[in-house]
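Quick note, the sequences are listed as chains A and B, same order. Heads up: the first sequence runs through residues 0 to 364, numbered per numbering that gives the first Met the number 0. Heads up: the second sequence runs through residues 0 to 364, numbered per numbering that gives the first Met the number 0. Single-structure report; data block below.
There are 2 protein chains.
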Amino acid sequence: MPKVEAGRSAGAPTLSVIAARLGVSRSTVSRAFTRPDLLRPETVERVLAAAEDLSYVPNQAARALSTGHNGIIALIVPDIANPFFPPLIRAAQSGADQQDFCVLLGDSAENPDQETRLINRFTRQVDGFVLASSRLPEQALVEHAKRKPLVLVNRDIPRVPRVLVDSTAGIMQAVAHLAELGHQTIAYVGGPPGSWSDHQRRRAITAARAEHGLAVTMLNAKPATYAGGTRVVESLLASGATAVIAFDDVVAHGILAGLAERGVRVPDDFSVIGCDDVLAATTYPPLTTVSLHCADAGGIAVSVLLELLGGRELGDVRYSLDSSLTVRGTTGPAGSRLRGSASLAEAPGRLRAGLAMQTSGPQGS
Amino acid sequence: MPKVEAGRSAGAPTLSVIAARLGVSRSTVSRAFTRPDLLRPETVERVLAAAEDLSYVPNQAARALSTGHNGIIALIVPDIANPFFPPLIRAAQSGADQQDFCVLLGDSAENPDQETRLINRFTRQVDGFVLASSRLPEQALVEHAKRKPLVLVNRDIPRVPRVLVDSTAGIMQAVAHLAELGHQTIAYVGGPPGSWSDHQRRRAITAARAEHGLAVTMLNAKPATYAGGTRVVESLLASGATAVIAFDDVVAHGILAGLAERGVRVPDDFSVIGCDDVLAATTYPPLTTVSLHCADAGGIAVSVLLELLGGRELGDVRYSLDSSLTVRGTTGPAGSRLRGSASLAEAPGRLRAGLAMQTSGPQGS
DNA sequence: CGCTCTCATACAACCGGTTGCACGATCAAG
DNA sequence: CTTGATCGTGCAACCGGTTGTATGAGAGCG
């Protein structure tokens, strides 16, 4: 069995080998691949046949060296395991692939320093960047954008190409939906600090609150994970809310679990709305959530980047993808919560106090 | 604002620029980075300072051309969005990063042709491959392994380095667990054709069945997704089983949804066990599942690959990671299923027949 | 004081493609 | 039959590093 060499592959044939074999020059062989229109069709034919025969694969490093582009773009996300990203990554990879680009993936672990490290490392080998939900300060991003073509996802910085998954409309619909169901006090459980999406959602909720005359308690899942969602349930119930909008589907599921543990039934006693619509397919009842086009964002970001690489002048690019509420099974009419008493029996003092307060308030529908 | 050039970055300084500026030769500059021990410390100092000053970044393509290695490894998975993979990908990326390697990610969409395309495309730019759950025929993989260093995850091919997430132990425990709970007829809902994991799980179940004297119905989720899981519920109930082991957590959740739709309560009426333990954090009650060390698999695969690239001779590498059952909330004692009659009331004819058959059989516990 | 020997650095070839330009052949038009 | 355009191909420089070898300066030694 032939041993595979570590560095350059064993007998990987080069242009010269093919050229020698055919008695033509290296440039002819090269052109057979890059500019076949300059060659006699028959010559192209011969070269390709020989290449095929030797299973020749052009050396991309050499090509990159002379042409100045590598055919690679970098995609950096804060957390691959966050279900928001895989669809985005997949779309990005597929879009890149269609135009003969590869994707270098980086996971910054929600850590700006790590993100910077990755950017610096990748800079050597890629033609451009897509940074999804970057946690870097605006100034740093502007700086990087000057050095290499760069497209942001879910960061809104003027004059830096960006693709935004805009949850405003969906969140507004979510609030309206809860209002229609008769909820009067709701809560928002926020996400990680520095998250553009979180900011945007907070703003949307605040705006919608006025319109519908609701009381909104702002809480935070710390961290913004399933466990964080479960943990926040105590304050959530104490707040007197009868419905919650969560930063994302993961937190929403954590909240669902926390509610279930306390015997609070969903949607009978409490309504829960998620955000992202990436986990709908994993619970029963299925989660009412704000659907975003996160996969599209990945595809669009890549195509913008490739346009940029193609040298096109695009001006100030700012794509905004809209959103809408998808009503499924975790939202229902308000006012029935006090029937379920299991939660009261088991509830700790603070929770009970919260419920008592709630009782004295006005009850809708 | 300085325009960023498409191809090679605007004024990206090269070795020569630094060399000229310092009045030294290019090789000296180069060695300041690669072999500083050959230079006078003071010289190294000066070079590094100048490099820093000009924010010099070595051109990886040029480096790759002369050294023969790119500092990139490829990782190809069948489906990024399958929650089994993100932890694996993250571990792989992080492991690679620690040794100054980058990861090119490919998604084959469960399609062997696409997988081959990606491999061929990537071959130009990477030093080696990690193929996770490859859908390629054994022969093709052996062939590829001859050309480039390659490590498989969840494919067991002699003389090709491989890391296996072995679910046998966990599945055995799962069957034992169900037997202890008094289940006598159980079902296995299998995964995608060609999946090594599915094969392995089938074998484990078959082996365990004999030991515990259980009847096992083999079913298939088509496709092996949430929707497929939901769809298989009808035949599942018709089979007379009172518990099911699903190919993976996603299918298990689909089954949970399908059961819930029919009013079959879990775990009171029916027990469900998943596999992978990657989605436990998304339902209530939390899923009883077979825990695998999928993240570890990614990390190990990468470190094996890097050892290979380092030129180490490792012999026939075959890592096997074990598994175990994690009991959570979706499994319970058998025998109570017939109490829940909602499902009977709504059940279509075939389902009812299935239940009738079941009734005539022996009932445990 | 001259001769090694060592050390730091310079020179130049090379990695494997790409590409502007030159050259010779072919062919049509004058 | 000459002339000039056109076409196909070869030549050679170049991309930006790496690395084996040559060179020169200075230290150590007799």
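Cβ coordinates follow ideal geometry from the N, Cα and C atoms, glycine included.
Neighbouring residues, chain B, relative to residue i (Cβ below 7 angstroms)
| i | result |
| --- | --- |
| Thr33(A) | Per Cβ cutoff of 7 angstroms: no residues; Thr33(A) is ~14 angstroms from chain B at best. |
Where residue i meets chain B, residues with beta-carbon distance less than 9 angstroms
| i | result |
| --- | --- |
| Phe121(A) | Cys101 |
| Asn110(A) | None at all; the shortest Cβ gap to chain B is about 12 angstroms. |
Element boundaries [beta strand (DSSP E), containing residue i]
| i | result |
| --- | --- |
| Asp275(A) | 270-275 |
| Leu74(A) | 71-76 |
| Val23(B) | No beta strand (DSSP E) holds Val23(B); DSSP gives it neither H nor E. |
| Ile244(A) | 242-245 |
| Val129(B) | 127-131 |
Under 8 angstroms from the C-beta of residue i: neighbouring residues of chain A
| i | result |
| --- | --- |
| Gly298(B) | Result: empty, since nearest Cβ-Cβ is about 13 angstroms, beyond 8 angstroms. |
Residue-level contact to chain B via CB, residue i, 7 angstroms cutoff
| i | result |
| --- | --- |
| Gln97(A) | no |
| Val106(A) | It is worth fixing the name first, because residue 106(A) is Asp in this sequence and not Val. So, interface residue. |
| Ala341(A) | At Ala341(A) the pLDDT is 38, less than 50, meaning the model places this residue with poor confidence; the figure from the coordinates comes in the next sentence. So no, Ala341(A) is outside the interface. |
| Arg89(A) | yes |
| Pro191(A) | no |
| Arg336(A) | Because the pLDDT of Arg336(A) is 47, which lies under 50, any placement of that residue in the model is unreliable, and the question is left without a value. |
| Gln398(A) | Outside the shown range of chain A (0 to 364) lies residue 398(A), about which nothing can therefore be said. |
| His198(A) | no |
| Ala259(A) | yes |
| His211(A) | no |
| Ala131(A) | no |
| Phe128(A) | no |
| His252(A) | yes |
Start-to-end residues for the alpha helix (DSSP H) that takes in residue i
| i | result |
| --- | --- |
| Gly190(A) | It is not in any alpha helix (DSSP H) - Gly190(A) carries neither H nor E in the DSSP assignment. |
| Arg317(A) | No alpha helix (DSSP H) holds Arg317(A); the beta strand (DSSP E) holding it covers 317-320. |
| Thr42(B) | 40-53 |
| Val232(A) | 225-237 |
| Asp96(B) | 84-97 |
| Thr66(A) | 59-66 |
| Ala294(B) | 293-308 |
| Val250(B) | 248-260 |
| Val141(B) | 137-146 |
Residue j beta carbon less than 7 angstroms from that of residue i
| i | j | result |
| --- | --- | --- |
| Ala49(B) | Arg20(B) | yes |
| Ala220(A) | Val231(A) | yes |
| Ala207(B) | Val250(B) | no |
| Pro111(B) | Leu74(B) | no |
| Ala80(A) | Arg89(B) | yes |
| Ser151(A) | Cys293(A) | Reading off the sequence shown, one finds Leu at residue 151(A), where the question assumed Ser. Cβ distance not < 7 angstroms, so Leu151(A) and Cys293(A) don't count as in contact. |
| Ala186(A) | Ser238(A) | yes |
| Gly124(B) | Asn58(B) | Going by the sequence as given, residue 124(B) is Gln instead of Gly. Their beta carbons are not under 7 angstroms apart, which means Gln124(B) does not touch Asn58(B) by this criterion. |
| Leu291(A) | Ser322(A) | yes |
| Ala300(B) | Val164(B) | no |
| Glu137(A) | Ile156(A) | yes |
Proximal chain B residues relative to residue i, where beta-carbon distance stays under 8 angstroms
| i | result |
| --- | --- |
| Pro57(A) | Arg123 |
| Thr330(A) | Simply none; closest approach about 17 angstroms. |
| Asn219(A) | Going along chain B, no residue has its Cβ under 8 angstroms from Asn219(A), so there is no contact; the nearest lies around 19 angstroms. |
is_contact[residue i, chain A] using C-beta, thresh 7 angstroms
| i | result |
| --- | --- |
| Ala242(B) | no |
| Leu255(B) | yes |
| Ala80(B) | yes |
| Pro85(B) | yes |
| Ala63(B) | yes |
| His292(B) | no |
| Ala333(B) | no |
| Ala223(B) | no |
| Ala50(B) | no |
Cross-chain neighbours of residue i in chain A, by beta carbon under 7 angstroms
| i | result |
| --- | --- |
| Leu278(B) | Thr281 |
Heavy atom of the ligand SAH within 6 angstroms of residue i beta-carbon
| i | result |
| --- | --- |
| His252(A) | With respect to the ligand SAH, the structure shown offers nothing to examine, as it has no ligands at all. |
Chain A residues whose Cβ lies nearer than 9 angstroms to that of residue i
| i | result |
| --- | --- |
| Asn69(B) | Gln59, Ala60, Gln124 |
Determine, using beta-carbon pairs with one atom in the segment 256-272 of chain B and one in the segment 302-322 of chain B, whether at least three such pairs fall under 8 angstroms.
no
Is the segment 273-285 of chain A touching the segment 269-282 of chain B in the sense that three or more CB pairs, one from each, lie closer than 8 angstroms?
yes
Does the segment 140-153 of chain A come close enough to the segment 118-129 of chain A that 3 or more CB-CB pairs lie under 8 angstroms?
yes
Does the segment 311-329 of chain B come into contact with the segment 96-112 of chain B, if we say contact requires no fewer than three beta-carbon pairs (one atom in each stretch) closer than 8 angstroms?
no
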